[in-house]
Amino acid sequence: YSGFGTTGSNDVQKRELAGFFANVMHETGGLCDVNERNPLSNYCQSSSTWPCTSGKSYHGRGPIQLT
Numbered sequence: 001y002s003g004f005g006t007t008g009s010n011d012v013q014k015r016e017l018a019g020f021f022a023n024v025m026h027e028t029g030g031l032c033d034v035n036e037r038n039p040l041s042n043y044c045q046s047s048s049t050w051p052c053t054s055g056k057s058y059h060g061r062g063p064i065q066l067t
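If you read the sequence shown in full-length UniProt numbering, its first letter stands for residue 1, the second for the next number, and so on.
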């Protein structure tokens with residue numbers, strides 16, 4: 001991702017970085033949470049190709065979570 005925040009005009013670069021940090025703040029509760037709060041399920045949809053691992057939790061972690 002060498003072009004992230006480094007291409008386009010200064011305004012475009014600032015908007016791209018601001019959007020990224022806004023999403024990080026949203027996903028982490030202002031950088032207070034590193035794991036998803038109260039996940040409703042383990043989000044695993046097992047298939048023969050990609051089976052779920054017993055005893056593992058599939059939930060949001062870190063600032064870059066898929067929502």
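We put the CB at the ideal spot given by N, CA and C, even for glycine. The model shown is predicted, which means the values in this text are computed figures rather than measured ones.
Item                                                             : Value
Simplified DSSP assignment, three categories, for residue 68     : Nothing can be reported for residue 68: it is not among the residues displayed for the chain, which extend from 1 to 67.
Alpha-carbon to alpha-carbon, Q45 and S54                        : 12 angstroms
Delimiting residues of the alpha helix (DSSP H) encompassing Q65 : Note, Q65: premise wrong, no alpha helix (DSSP H); not H, not E.
G5 and F20 closer than 9 angstroms at C-beta                     : yes
Rounded C-alpha distance that separates V24 from N38             : 18 angstroms
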